[in-house]
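Quick note on our numbering: the sequence shown kicks off at 1 and runs consecutively.
Step one of this worksheet: look at the structure below.
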Amino acid sequence: MAKRVAIIDIGSNSIRMVIYEKTSRYAFHLLHEEKSKVRISQNAYKHNGELQEVPMQRTFNALHDFLEIASSFKVRKTLCVATSAMRDAPNKKDFILRVKHQLKLNIKVISGEKEAYFGAIACANLLPQQQNALSIDIGGGSTEFAFIDDKNVSNTISLKLGTVRLKELYFDNDDIDGAIHYIDNQLEQLAPTHNLSTLIGIGGTFRAVSSAIMKESTYPLNKLHAYAYSGKTFKKYLKKLLLANSNKELNSLFIKSNRYDVIKPGALILQRVMKKIDINNIITSGVGVREGVFLADLLRSAKHKFPAHFNTSMRYLLDVHVQDKQFSNNLSKLVKNIFDITHDYFGIDKKYRNELSIAAKLYPAGSSVHFYSQNKHTYYIIQSALEYGFTHQQITLIATLTKYAKNKLPSSTHMQLYKELLPDSKTTNVLSHILSLAIVLLSHRPRNIDFTMQFWDGRLTINSQKKLYLAQNAAVKLECDNKDFQLFFTNR
1 MAKRVAIIDI
11 GSNSIRMVIY
21 EKTSRYAFHL
31 LHEEKSKVRI
41 SQNAYKHNGE
51 LQEVPMQRTF
61 NALHDFLEIA
71 SSFKVRKTLC
81 VATSAMRDAP
91 NKKDFILRVK
101 HQLKLNIKVI
111 SGEKEAYFGA
121 IACANLLPQQ
131 QNALSIDIGG
141 GSTEFAFIDD
151 KNVSNTISLK
161 LGTVRLKELY
171 FDNDDIDGAI
181 HYIDNQLEQL
191 APTHNLSTLI
201 GIGGTFRAVS
211 SAIMKESTYP
221 LNKLHAYAYS
231 GKTFKKYLKK
241 LLLANSNKEL
251 NSLFIKSNRY
261 DVIKPGALIL
271 QRVMKKIDIN
281 NIITSGVGVR
291 EGVFLADLLR
301 SAKHKFPAHF
311 NTSMRYLLDV
321 HVQDKQFSNN
331 LSKLVKNIFD
341 ITHDYFGIDK
351 KYRNELSIAA
361 KLYPAGSSVH
371 FYSQNKHTYY
381 IIQSALEYGF
391 THQQITLIAT
401 LTKYAKNKLP
411 SSTHMQLYKE
421 LLPDSKTTNV
431 LSHILSLAIV
441 LLSHRPRNID
451 FTMQFWDGRL
461 TINSQKKLYL
471 AQNAAVKLEC
481 DNKDFQLFFT
491 NR
(Lines of atoms letter the chains of each structure in order from A and count residues from 1; the text may use other names and numbers.)
(Lines give C-alpha, C1' and ligand atoms only; values in the text may rest on other atoms or scores of the structure.)
Protein backbone atom coordinates (compact mmCIF):
# COMPACT_ATOMS: atom_id res chain seq x y z
CA MET A 1 0.00 0.00 0.00
CA ALA A 2 1.21 3.54 -0.80
CA LYS A 3 2.67 5.50 2.10
CA ARG A 4 0.26 8.42 1.58
CA VAL A 5 -3.34 7.79 0.58
CA ALA A 6 -6.21 10.21 -0.06
CA ILE A 7 -9.81 9.12 0.46
CA ILE A 8 -12.59 11.25 -1.03
CA ASP A 9 -16.20 10.68 0.04
CA ILE A 10 -18.93 12.35 -2.02
CA GLY A 11 -21.95 12.42 0.26
CA SER A 12 -25.39 13.88 -0.34
CA ASN A 13 -24.67 16.85 1.90
CA SER A 14 -20.90 17.29 1.95
CA ILE A 15 -17.79 16.15 0.15
CA ARG A 16 -14.80 15.29 2.31
CA MET A 17 -11.20 14.27 1.79
CA VAL A 18 -8.77 12.77 4.27
CA ILE A 19 -5.08 12.13 3.66
CA TYR A 20 -3.42 9.40 5.71
CA GLU A 21 0.25 8.59 6.08
CA LYS A 22 1.51 5.17 7.13
CA THR A 23 4.34 5.12 9.68
CA SER A 24 4.73 1.33 9.72
CA ARG A 25 2.82 -1.70 8.43
CA TYR A 26 -0.53 -1.06 10.14
CA ALA A 27 0.14 2.29 11.82
CA PHE A 28 -1.04 5.57 10.32
CA HIS A 29 -2.05 9.09 11.14
CA LEU A 30 -4.13 11.85 9.61
CA LEU A 31 -2.07 14.37 7.63
CA HIS A 32 -4.88 16.55 6.31
CA GLU A 33 -8.65 16.81 6.16
CA GLU A 34 -10.81 18.94 3.89
CA LYS A 35 -14.56 19.42 3.71
CA SER A 36 -16.94 21.34 1.44
CA LYS A 37 -20.69 21.53 1.91
CA VAL A 38 -21.50 21.18 -1.80
CA ARG A 39 -24.86 19.49 -1.17
CA ILE A 40 -24.83 17.62 -4.46
CA SER A 41 -28.34 16.32 -3.68
CA GLN A 42 -29.87 19.81 -3.50
CA ASN A 43 -33.32 19.76 -5.15
CA ALA A 44 -32.64 16.26 -6.51
CA TYR A 45 -35.36 14.58 -4.44
CA LYS A 46 -37.91 17.03 -5.89
CA HIS A 47 -36.85 15.96 -9.40
CA ASN A 48 -36.94 12.15 -9.11
CA GLY A 49 -33.33 11.98 -7.92
CA GLU A 50 -31.87 13.91 -10.90
CA LEU A 51 -28.69 15.76 -9.93
CA GLN A 52 -29.05 19.47 -10.68
CA GLU A 53 -26.48 21.45 -12.64
CA VAL A 54 -25.46 23.99 -9.97
CA PRO A 55 -24.80 21.39 -7.21
CA MET A 56 -22.90 19.22 -9.70
CA GLN A 57 -20.69 22.16 -10.65
CA ARG A 58 -20.00 22.92 -6.97
CA THR A 59 -18.96 19.32 -6.48
CA PHE A 60 -16.76 19.35 -9.58
CA ASN A 61 -15.02 22.53 -8.38
CA ALA A 62 -14.41 21.03 -4.93
CA LEU A 63 -13.00 17.84 -6.45
CA HIS A 64 -10.63 19.90 -8.58
CA ASP A 65 -9.26 21.67 -5.51
CA PHE A 66 -9.13 18.47 -3.47
CA LEU A 67 -6.90 16.86 -6.09
CA GLU A 68 -4.56 19.85 -6.05
CA ILE A 69 -4.29 19.54 -2.27
CA ALA A 70 -3.58 15.81 -2.57
CA SER A 71 -0.86 16.53 -5.10
CA SER A 72 0.77 19.03 -2.73
CA PHE A 73 1.04 16.24 -0.15
CA LYS A 74 2.60 13.91 -2.77
CA VAL A 75 -0.24 11.41 -2.40
CA ARG A 76 0.47 8.20 -4.33
CA LYS A 77 -3.04 6.71 -4.26
CA THR A 78 -6.47 8.35 -4.32
CA LEU A 79 -9.68 6.43 -3.66
CA CYS A 80 -12.99 8.20 -4.31
CA VAL A 81 -16.39 6.83 -3.34
CA ALA A 82 -19.87 8.28 -3.77
CA THR A 83 -22.93 7.37 -1.73
CA SER A 84 -26.69 7.93 -1.66
CA ALA A 85 -27.29 10.95 -3.91
CA MET A 86 -25.10 9.58 -6.69
CA ARG A 87 -26.46 6.09 -6.12
CA ASP A 88 -30.03 7.27 -6.70
CA ALA A 89 -29.32 9.68 -9.55
CA PRO A 90 -30.46 8.60 -13.05
CA ASN A 91 -27.91 11.04 -14.55
CA LYS A 92 -24.93 10.00 -12.43
CA LYS A 93 -22.98 8.62 -15.40
CA ASP A 94 -22.76 12.07 -16.98
CA PHE A 95 -21.09 13.48 -13.88
CA ILE A 96 -18.82 10.46 -13.38
CA LEU A 97 -17.57 10.60 -16.98
CA ARG A 98 -16.98 14.34 -16.80
CA VAL A 99 -14.87 13.94 -13.67
CA LYS A 100 -12.96 11.02 -15.17
CA HIS A 101 -12.13 12.84 -18.43
CA GLN A 102 -11.40 16.30 -17.03
CA LEU A 103 -9.94 15.52 -13.60
CA LYS A 104 -8.58 11.99 -14.23
CA LEU A 105 -10.38 10.77 -11.12
CA ASN A 106 -12.38 7.54 -10.94
CA ILE A 107 -15.50 7.77 -8.79
CA LYS A 108 -16.80 4.49 -7.42
CA VAL A 109 -20.50 4.59 -6.54
CA ILE A 110 -20.90 2.13 -3.67
CA SER A 111 -24.06 0.28 -2.65
CA GLY A 112 -25.89 1.14 0.54
CA GLU A 113 -24.82 -2.15 2.12
CA LYS A 114 -21.18 -1.44 1.25
CA GLU A 115 -21.51 2.04 2.73
CA ALA A 116 -22.87 0.51 5.95
CA TYR A 117 -20.01 -2.02 5.95
CA PHE A 118 -17.28 0.60 5.51
CA GLY A 119 -18.64 2.67 8.40
CA ALA A 120 -18.96 -0.40 10.59
CA ILE A 121 -15.44 -1.76 10.01
CA ALA A 122 -14.07 1.67 10.89
CA CYS A 123 -15.96 1.53 14.20
CA ALA A 124 -15.07 -2.13 14.86
CA ASN A 125 -11.34 -1.39 14.42
CA LEU A 126 -11.00 2.14 15.76
CA LEU A 127 -13.41 2.37 18.71
CA PRO A 128 -12.97 0.59 22.04
CA GLN A 129 -14.25 -2.95 21.56
CA GLN A 130 -18.05 -3.15 21.51
CA GLN A 131 -20.37 -6.08 22.10
CA ASN A 132 -23.92 -6.32 20.72
CA ALA A 133 -23.81 -2.85 19.20
CA LEU A 134 -25.72 -1.24 16.36
CA SER A 135 -24.03 1.41 14.22
CA ILE A 136 -26.11 4.14 12.60
CA ASP A 137 -24.81 6.53 9.96
CA ILE A 138 -27.27 9.28 9.04
CA GLY A 139 -26.37 11.00 5.78
CA GLY A 140 -28.11 13.47 3.55
CA GLY A 141 -29.88 10.85 1.45
CA SER A 142 -29.71 7.57 3.35
CA THR A 143 -29.14 6.00 6.74
CA GLU A 144 -27.00 2.92 7.19
CA PHE A 145 -27.11 0.35 9.97
CA ALA A 146 -24.81 -2.55 10.88
CA PHE A 147 -24.47 -4.99 13.77
CA ILE A 148 -21.06 -4.97 15.48
CA ASP A 149 -19.90 -7.59 17.96
CA ASP A 150 -16.21 -7.38 18.90
CA LYS A 151 -14.57 -6.89 15.49
CA ASN A 152 -17.27 -8.72 13.55
CA VAL A 153 -19.68 -6.84 11.28
CA SER A 154 -22.99 -8.26 10.04
CA ASN A 155 -26.57 -7.35 9.04
CA THR A 156 -25.62 -4.29 7.01
CA ILE A 157 -28.59 -2.38 5.58
CA SER A 158 -29.21 0.99 3.95
CA LEU A 159 -32.54 2.82 4.19
CA LYS A 160 -33.77 5.76 2.14
CA LEU A 161 -33.69 8.01 5.17
CA GLY A 162 -31.56 11.14 5.08
CA THR A 163 -31.55 14.67 6.42
CA VAL A 164 -31.69 16.41 3.03
CA ARG A 165 -34.22 13.89 1.68
CA LEU A 166 -36.57 14.45 4.65
CA LYS A 167 -36.02 18.21 4.57
CA GLU A 168 -37.02 18.54 0.91
CA LEU A 169 -39.87 16.04 0.97
CA TYR A 170 -41.44 16.82 4.37
CA PHE A 171 -39.87 19.52 6.54
CA ASP A 172 -39.95 22.20 3.81
CA ASN A 173 -43.71 21.57 3.65
CA ASP A 174 -44.05 21.49 7.45
CA ASP A 175 -45.33 17.90 7.21
CA ILE A 176 -43.78 16.45 10.36
CA ASP A 177 -46.46 13.75 10.73
CA GLY A 178 -45.71 12.63 7.18
CA ALA A 179 -42.00 12.49 8.02
CA ILE A 180 -42.66 10.35 11.11
CA HIS A 181 -44.84 7.96 9.11
CA TYR A 182 -42.20 7.70 6.40
CA ILE A 183 -39.36 7.10 8.89
CA ASP A 184 -41.29 4.43 10.79
CA ASN A 185 -42.13 2.61 7.56
CA GLN A 186 -38.47 2.59 6.55
CA LEU A 187 -37.38 1.34 9.99
CA GLU A 188 -39.63 -1.69 9.57
CA GLN A 189 -36.89 -3.09 7.32
CA LEU A 190 -34.47 -3.38 10.25
CA ALA A 191 -33.77 -6.95 11.34
CA PRO A 192 -35.06 -7.91 14.82
CA THR A 193 -32.73 -6.33 17.36
CA HIS A 194 -32.58 -8.33 20.58
CA ASN A 195 -30.14 -7.68 23.44
CA LEU A 196 -28.52 -4.63 21.86
CA SER A 197 -26.43 -2.79 24.42
CA THR A 198 -25.01 0.17 22.51
CA LEU A 199 -25.85 2.55 19.67
CA ILE A 200 -22.74 3.72 17.78
CA GLY A 201 -23.28 7.05 16.04
CA ILE A 202 -21.49 7.83 12.77
CA GLY A 203 -21.75 10.94 10.61
CA GLY A 204 -22.29 14.68 10.91
CA THR A 205 -25.76 14.62 12.46
CA PHE A 206 -24.74 12.30 15.28
CA ARG A 207 -21.49 14.15 15.91
CA ALA A 208 -23.41 17.45 16.08
CA VAL A 209 -25.79 16.02 18.69
CA SER A 210 -22.99 14.45 20.74
CA SER A 211 -20.91 17.61 20.57
CA ALA A 212 -23.86 19.62 21.86
CA ILE A 213 -24.49 17.17 24.72
CA MET A 214 -20.78 17.30 25.58
CA LYS A 215 -20.84 21.11 25.79
CA GLU A 216 -24.10 21.14 27.73
CA SER A 217 -22.64 18.81 30.35
CA THR A 218 -19.30 20.71 30.60
CA TYR A 219 -17.42 17.51 29.81
CA PRO A 220 -13.71 17.83 30.76
CA LEU A 221 -12.09 16.14 27.74
CA ASN A 222 -12.19 17.83 24.34
CA LYS A 223 -12.44 14.65 22.28
CA LEU A 224 -15.56 13.53 20.41
CA HIS A 225 -14.38 10.13 19.17
CA ALA A 226 -15.42 7.47 21.72
CA TYR A 227 -17.45 9.99 23.74
CA ALA A 228 -19.98 7.86 25.60
CA TYR A 229 -23.14 8.74 27.52
CA SER A 230 -26.51 7.27 28.47
CA GLY A 231 -29.52 6.60 26.26
CA LYS A 232 -31.59 8.60 28.74
CA THR A 233 -29.42 11.70 28.19
CA PHE A 234 -29.65 11.16 24.43
CA LYS A 235 -33.46 10.96 24.39
CA LYS A 236 -33.81 14.00 26.64
CA TYR A 237 -31.62 16.12 24.39
CA LEU A 238 -33.35 14.99 21.16
CA LYS A 239 -36.70 16.00 22.66
CA LYS A 240 -35.41 19.50 23.44
CA LEU A 241 -33.88 19.79 19.98
CA LEU A 242 -37.10 18.88 18.19
CA LEU A 243 -39.07 21.38 20.29
CA ALA A 244 -36.76 24.27 19.34
CA ASN A 245 -38.68 26.82 17.28
CA SER A 246 -35.96 29.18 16.12
CA ASN A 247 -32.31 29.37 15.17
CA LYS A 248 -31.71 31.22 18.42
CA GLU A 249 -33.05 28.24 20.37
CA LEU A 250 -30.90 25.86 18.30
CA ASN A 251 -27.88 28.01 19.07
CA SER A 252 -28.70 27.85 22.79
CA LEU A 253 -28.63 24.06 22.41
CA PHE A 254 -25.06 24.32 21.00
CA ILE A 255 -26.03 23.54 17.39
CA LYS A 256 -23.77 25.27 14.86
CA SER A 257 -25.39 27.52 12.25
CA ASN A 258 -24.31 25.31 9.31
CA ARG A 259 -26.53 22.54 10.74
CA TYR A 260 -29.69 24.56 11.37
CA ASP A 261 -31.58 23.41 8.25
CA VAL A 262 -30.86 19.68 8.52
CA ILE A 263 -30.42 18.97 12.24
CA LYS A 264 -34.14 18.48 12.95
CA PRO A 265 -34.70 15.85 10.23
CA GLY A 266 -31.65 14.00 11.59
CA ALA A 267 -32.84 14.33 15.18
CA LEU A 268 -36.26 12.96 14.20
CA ILE A 269 -34.66 9.87 12.64
CA LEU A 270 -32.67 9.30 15.83
CA GLN A 271 -35.75 9.78 18.03
CA ARG A 272 -37.75 7.23 16.03
CA VAL A 273 -34.85 4.75 16.15
CA MET A 274 -34.67 5.11 19.94
CA LYS A 275 -38.42 4.60 20.17
CA LYS A 276 -38.16 1.39 18.16
CA ILE A 277 -35.06 -0.02 19.88
CA ASP A 278 -34.40 -0.03 23.62
CA ILE A 279 -30.74 0.95 23.97
CA ASN A 280 -29.08 2.19 27.16
CA ASN A 281 -25.61 3.21 25.96
CA ILE A 282 -24.53 5.70 23.32
CA ILE A 283 -21.02 6.04 21.89
CA THR A 284 -19.89 8.57 19.32
CA SER A 285 -17.68 7.64 16.41
CA GLY A 286 -15.32 10.16 14.88
CA VAL A 287 -14.68 7.71 12.05
CA GLY A 288 -16.91 6.42 9.27
CA VAL A 289 -17.00 5.61 5.58
CA ARG A 290 -13.70 7.34 4.71
CA GLU A 291 -11.78 5.50 7.39
CA GLY A 292 -13.54 2.27 6.42
CA VAL A 293 -12.45 2.65 2.78
CA PHE A 294 -8.88 3.28 3.96
CA LEU A 295 -8.90 0.30 6.34
CA ALA A 296 -10.39 -2.02 3.72
CA ASP A 297 -7.35 -1.21 1.57
CA LEU A 298 -4.81 -1.27 4.43
CA LEU A 299 -6.13 -4.54 5.90
CA ARG A 300 -7.14 -6.25 2.67
CA SER A 301 -4.95 -9.28 3.45
CA ALA A 302 -6.10 -9.47 7.09
CA LYS A 303 -9.88 -9.79 6.62
CA HIS A 304 -10.28 -6.08 7.43
CA LYS A 305 -9.16 -6.56 11.06
CA PHE A 306 -6.08 -5.41 12.91
CA PRO A 307 -3.99 -8.20 14.47
CA ALA A 308 -4.91 -9.20 18.02
CA HIS A 309 -3.52 -6.84 20.71
CA PHE A 310 -2.45 -4.29 18.09
CA ASN A 311 -3.36 -0.63 18.50
CA THR A 312 -2.69 1.65 15.54
CA SER A 313 -2.61 4.92 17.53
CA MET A 314 -0.11 3.60 20.04
CA ARG A 315 2.06 2.17 17.27
CA TYR A 316 2.00 5.52 15.47
CA LEU A 317 3.12 7.38 18.61
CA LEU A 318 5.93 4.89 19.17
CA ASP A 319 6.99 5.15 15.52
CA VAL A 320 7.09 8.94 15.46
CA HIS A 321 7.73 10.19 18.99
CA VAL A 322 9.68 7.54 20.94
CA GLN A 323 13.32 7.50 19.91
CA ASP A 324 14.76 5.08 22.49
CA LYS A 325 12.57 2.00 22.02
CA GLN A 326 14.73 -0.08 24.37
CA PHE A 327 14.23 2.27 27.31
CA SER A 328 10.51 2.45 26.51
CA ASN A 329 10.22 -1.36 26.53
CA ASN A 330 12.29 -1.71 29.71
CA LEU A 331 10.17 0.88 31.49
CA SER A 332 6.98 -0.89 30.44
CA LYS A 333 8.33 -4.24 31.59
CA LEU A 334 9.47 -2.84 34.92
CA VAL A 335 6.17 -1.12 35.82
CA LYS A 336 4.36 -4.38 35.13
CA ASN A 337 6.77 -6.26 37.39
CA ILE A 338 6.32 -3.74 40.20
CA PHE A 339 2.54 -3.74 39.73
CA ASP A 340 2.37 -7.55 39.81
CA ILE A 341 4.15 -7.83 43.17
CA THR A 342 2.49 -4.84 44.88
CA HIS A 343 -1.10 -4.46 43.60
CA ASP A 344 -2.56 -6.75 46.27
CA TYR A 345 -0.79 -4.81 49.00
CA PHE A 346 -2.02 -1.47 47.63
CA GLY A 347 -5.51 -2.84 46.87
CA ILE A 348 -5.39 -1.87 43.18
CA ASP A 349 -7.57 -3.56 40.57
CA LYS A 350 -5.59 -5.68 38.07
CA LYS A 351 -7.36 -3.99 35.15
CA TYR A 352 -5.13 -0.92 35.53
CA ARG A 353 -2.00 -2.87 34.66
CA ASN A 354 -2.54 -2.28 30.95
CA GLU A 355 -2.94 1.49 31.23
CA LEU A 356 0.13 1.68 33.46
CA SER A 357 2.16 -0.28 30.92
CA ILE A 358 1.05 1.99 28.05
CA ALA A 359 1.86 5.12 30.07
CA ALA A 360 5.36 3.73 30.65
CA LYS A 361 5.88 2.93 26.97
CA LEU A 362 4.78 6.37 25.85
CA TYR A 363 6.40 8.33 28.67
CA PRO A 364 9.47 9.34 26.59
CA ALA A 365 7.32 10.68 23.70
CA GLY A 366 7.36 14.31 24.83
CA SER A 367 11.14 14.59 24.58
CA SER A 368 10.72 14.47 20.79
CA VAL A 369 9.20 17.94 21.11
CA HIS A 370 11.30 19.45 23.91
CA PHE A 371 13.46 17.61 26.40
CA TYR A 372 13.00 20.04 29.29
CA SER A 373 9.21 19.96 28.93
CA GLN A 374 8.94 16.22 28.32
CA ASN A 375 6.07 15.48 30.72
CA LYS A 376 3.95 18.38 29.51
CA HIS A 377 4.36 17.40 25.88
CA THR A 378 3.82 13.69 26.49
CA TYR A 379 0.59 14.56 28.30
CA TYR A 380 -0.59 16.69 25.37
CA ILE A 381 0.44 14.11 22.73
CA ILE A 382 -1.46 11.33 24.51
CA GLN A 383 -4.58 13.42 25.11
CA SER A 384 -4.61 14.52 21.48
CA ALA A 385 -3.25 11.59 19.48
CA LEU A 386 -3.94 8.41 21.46
CA GLU A 387 -7.12 8.39 19.44
CA TYR A 388 -8.24 4.93 18.40
CA GLY A 389 -9.26 1.94 20.48
CA PHE A 390 -9.23 3.59 23.90
CA THR A 391 -12.01 4.84 26.17
CA HIS A 392 -11.85 8.41 27.44
CA GLN A 393 -11.21 7.01 30.90
CA GLN A 394 -8.16 5.10 29.64
CA ILE A 395 -6.79 8.07 27.69
CA THR A 396 -7.18 10.40 30.67
CA LEU A 397 -5.49 7.99 33.09
CA ILE A 398 -2.56 7.25 30.73
CA ALA A 399 -2.05 10.96 30.05
CA THR A 400 -2.28 11.84 33.76
CA LEU A 401 0.32 9.25 34.74
CA THR A 402 2.82 10.64 32.23
CA LYS A 403 2.12 14.25 33.22
CA TYR A 404 3.11 13.65 36.85
CA ALA A 405 5.76 10.96 36.29
CA LYS A 406 8.97 11.43 38.34
CA ASN A 407 7.29 14.46 39.82
CA LYS A 408 4.74 15.14 42.51
CA LEU A 409 1.58 13.06 42.74
CA PRO A 410 -1.38 14.30 40.63
CA SER A 411 -2.67 17.60 41.99
CA SER A 412 -6.06 17.91 43.65
CA THR A 413 -7.02 20.46 40.98
CA HIS A 414 -6.29 17.96 38.21
CA MET A 415 -8.12 15.17 40.03
CA GLN A 416 -11.17 17.40 40.51
CA LEU A 417 -11.21 18.51 36.87
CA TYR A 418 -11.16 14.93 35.55
CA LYS A 419 -13.00 13.24 38.41
CA GLU A 420 -15.63 11.64 36.12
CA LEU A 421 -12.89 10.02 34.01
CA LEU A 422 -10.15 9.09 36.49
CA PRO A 423 -10.13 6.30 39.09
CA ASP A 424 -10.26 7.29 42.76
CA SER A 425 -7.32 9.32 44.05
CA LYS A 426 -5.80 6.36 45.92
CA THR A 427 -5.61 4.24 42.75
CA THR A 428 -4.33 7.13 40.60
CA ASN A 429 -1.66 8.03 43.16
CA VAL A 430 -0.42 4.46 43.52
CA LEU A 431 -0.15 4.04 39.75
CA SER A 432 1.62 7.40 39.50
CA HIS A 433 4.10 6.34 42.18
CA ILE A 434 4.82 3.02 40.47
CA LEU A 435 5.61 4.75 37.17
CA SER A 436 7.81 7.34 38.89
CA LEU A 437 9.62 4.61 40.83
CA ALA A 438 10.29 2.62 37.66
CA ILE A 439 11.72 5.70 35.91
CA VAL A 440 13.99 6.33 38.89
CA LEU A 441 15.18 2.72 39.00
CA LEU A 442 16.21 2.97 35.35
CA SER A 443 18.11 6.24 35.86
CA HIS A 444 21.33 4.54 34.69
CA ARG A 445 19.56 3.48 31.43
CA PRO A 446 20.70 -0.17 31.37
CA ARG A 447 20.50 -2.13 28.13
CA ASN A 448 18.46 -4.73 30.05
CA ILE A 449 16.98 -4.57 33.54
CA ASP A 450 20.00 -5.44 35.69
CA PHE A 451 18.45 -5.87 39.12
CA THR A 452 15.90 -8.07 40.84
CA MET A 453 13.10 -7.13 43.22
CA GLN A 454 11.51 -8.71 46.26
CA PHE A 455 8.40 -7.44 48.01
CA TRP A 456 7.06 -8.40 51.39
CA ASP A 457 4.72 -6.63 53.78
CA GLY A 458 5.20 -3.15 52.36
CA ARG A 459 8.95 -3.46 51.83
CA LEU A 460 10.34 -3.41 48.27
CA THR A 461 13.97 -4.53 48.06
CA ILE A 462 16.08 -3.84 44.99
CA ASN A 463 18.95 -6.30 44.56
CA SER A 464 21.76 -5.31 42.20
CA GLN A 465 25.46 -5.86 41.65
CA LYS A 466 25.68 -2.13 40.91
CA LYS A 467 25.35 0.71 43.38
CA LEU A 468 22.43 2.35 41.50
CA TYR A 469 23.64 5.65 42.96
CA LEU A 470 21.41 7.89 40.84
CA ALA A 471 18.36 5.75 41.56
CA GLN A 472 18.93 5.79 45.31
CA ASN A 473 19.29 9.57 45.37
CA ALA A 474 16.21 10.15 43.24
CA ALA A 475 14.02 7.60 45.04
CA VAL A 476 14.06 9.46 48.37
CA LYS A 477 12.42 12.47 46.67
CA LEU A 478 9.42 10.52 45.37
CA GLU A 479 6.02 11.12 46.91
CA CYS A 480 4.00 8.13 48.10
CA ASP A 481 0.59 8.20 49.75
CA ASN A 482 1.21 4.96 51.63
CA LYS A 483 3.46 5.88 54.54
CA ASP A 484 4.11 2.22 55.38
CA PHE A 485 5.66 1.50 51.99
CA GLN A 486 9.46 1.23 52.17
CA LEU A 487 12.17 0.97 49.52
CA PHE A 488 15.55 -0.63 50.15
CA PHE A 489 18.61 -1.18 47.98
CA THR A 490 21.10 -4.01 48.47
CA ASN A 491 24.42 -4.30 46.63
CA ARG A 492 25.46 -7.93 46.09
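Backbone N, C-alpha and C fix where the C-beta goes; we use that ideal spot for every residue, glycine too.
Here the region 254-269 makes no contact with the region 89-108; the two share fewer than three CB pairs at distances below 8 Å. With a 10 Å radius around the Cβ and a threshold of 16 neighbouring Cβ atoms, His101 comes out exposed. Residue pairing by DSSP places Val5 opposite Tyr20 and Lys77 in a beta bridge.
With respect to the C-alpha of Leu356, the residue from Thr402, Ser368 and Asp175 having the closest C-alpha is Thr402.
Only buried fits Phe339, as 16 or more other CB atoms lie within 10 angstroms of its CB. Per DSSP, Gly140 has no beta bridge partner at all. When DSSP states are grouped into helix, strand and coil, Thr156 belongs to the strand group. Contact check between the region 149-167 and the region 316-327: fewer than three CB pairs, one atom from each, fall below 8 Å, which does not count as touching. Here Arg207 is not near Arg16, since their CB atoms are 8 Å or more apart. In the DSSP assignment, Lys108 falls within the unbroken beta strand (DSSP E) covering Ile107 to Val109. Per DSSP, the continuous beta strand (DSSP E) segment holding Ile282 begins and ends at Asn281 to Thr284. In the DSSP assignment, Asn407 is bridged to no other residue. Contact annotation, Ile462 with Leu468: C-beta distance approximately 7 Å; criterion of less than 8 Å satisfied. Here the alpha carbons of Tyr380 and Glu33 stand approximately 21 Å from one another. Among the bridge pairs identified by DSSP, Asp150 is matched with Gln130. In the DSSP assignment, Gln454 falls within the unbroken beta strand (DSSP E) covering Phe451 to Trp456.
Residue pairing of Arg445 in beta bridges, as defined by DSSP: absent, with no partner found. The continuous alpha helix (DSSP H) containing Thr205 extends over residues Gly204 to Glu216. The three-state secondary structure of Arg492, taken from DSSP, is coil. Of all alpha-carbon atoms in Arg25, Arg4, Ala6 and Gln454, the one lying nearest the alpha-carbon of Ser301 is that of Arg25. Assignment of Glu188 by DSSP, reduced to helix, strand and coil, places it in the coil class. Contact between the region 126-135 and the region 164-182 is absent, with fewer than three C-beta pairs closer than 8 Å. Judged by beta-carbon spacing, Ile449 lies within the 8 Å limit of Leu334, meaning their Cβ atoms are closer than that value. Of the residues assessed, Asn311 falls on the buried side of the cut-off, its CB having 16 or more other CB atoms within 10 angstroms. Restricting attention to Ser257, Ile213 and Ala226, the CA atom closest to the CA of Lys240 is found in Ile213. Nearest to Ile110 by C-alpha distance, out of Leu103, Leu79, Gln129 and Leu126, is Leu79. Here the region 386-403 does not lie against the region 325-333, with fewer than 3 beta-carbon pairs under 8 Å apart. In this structure, DSSP gives Arg25 a state outside helix and strand, which the three-state scheme calls coil. Here the alpha carbon of Tyr404 sits roughly 39 Å from the alpha carbon of Ala2. Thr143 has its alpha-carbon roughly 13 Å from the corresponding atom of Ala120.
Of Thr413, Val430, Lys361 and Ala116, the smallest CA-CA separation from Ile200 is found for Ala116. The beta carbon of Arg459 sits closer than 7 Å to those of Gln486 and Phe488, all from its chain and outside the five residues before and after it, given in chain order. Selection Val320, Thr427 and Lys223 evaluated against Ser384 yields Lys223 as nearest (Cα-Cα).
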